Amino acid sequence: MIRSILSLGILSVLAGAAVMVKAAEVPTLATVTGTCERLVIAGQDVTGQCTGSLLNTSYATGRVGFYFVTGDGGALTFTGLGSAQVKLDPDTAVQPVDGVIFGFKGQYDRVKAVGMCRFTNPVAQPGSVSCSAETPGGAFAAEFVTDGKPPEIVKP
């Protein structure tokens, strides 16, 4: 039940972010649970506000995003083109980041960024996602370790 409520809340955040990508497109959404070990927004450490849920979107356009969720309903997204991913091994990839999106209470700010997300297989014991990006507004970073449970996937 809690996951359903969280997913609905995040889908509303995604709806706003999707407008920036392509209005009629609905992404594939994967949700994993675990521990958010670090969250930095515009140079401010807000790790204590980060929840134990991480979302990953994949649009038909090739754009992907990692969503780090805060307890007050905000979401920090690191986004880039999936075609630029570099596979380091069968279970590890590096995703270049060209944008950061912060959504909170119906407001969405997207800024150009230079950075990367390194991630491992989400069902590995444990899987991980580590993102960092520099923007004109400061540094953004996040780290998440999964609990090893399979992701919940919602396809369009």
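Sequence positions in the sequence shown follow mature numbering (1 follows the signal peptide of the UniProt record, and there is no 0) and run -23 to -1, 1 to 133.
Where is the CB? At the ideal position from N, CA and C, for every residue including glycine.
Here the structure is a predicted model, which is why all the values come from computation and not from measurement.
Q.
Short of 6 Å in beta carbon distance, which residues of its chain neighbour V100, apart from the five on each side in sequence? Order them along the chain.
A. The answer, listed in chain order, is P127.
Practice problem: Look at L53 and F96 and say whether their C-beta atoms are less than 8 Å apart. | Solution: Against a cut-off of 8 Å, the Cβ pair of F96 and L53 comes out as no contact.
T8 burial status per 10 Å Cβ neighbour count (16 or more: buried): With 16 or more Cβ atoms within 10 Å of its Cβ, T8 is classed as buried.
Host beta strand (DSSP E) of S107 (start-end):
S107 -> beta strand (DSSP E) spans 105 to 112.
Compare the C-alpha of P67 against each of N98, R87, D49 and name the closest. Nearest to P67 by alpha-carbon distance, out of N98, R87, D49, is N98.
Nearest by alpha-carbon distance to G59: which of V71, V23, C108 is it?
The shortest CA-to-CA distance from G59 to any of V71, V23, C108 is the one to V71.
Cβ of T28 within 8 Å of Cβ of G48? Yes, they are a contact pair.
message: Which of the three DSSP states is assigned to G50 in this structure?
response: Residue state, collapsed to three classes: coil.
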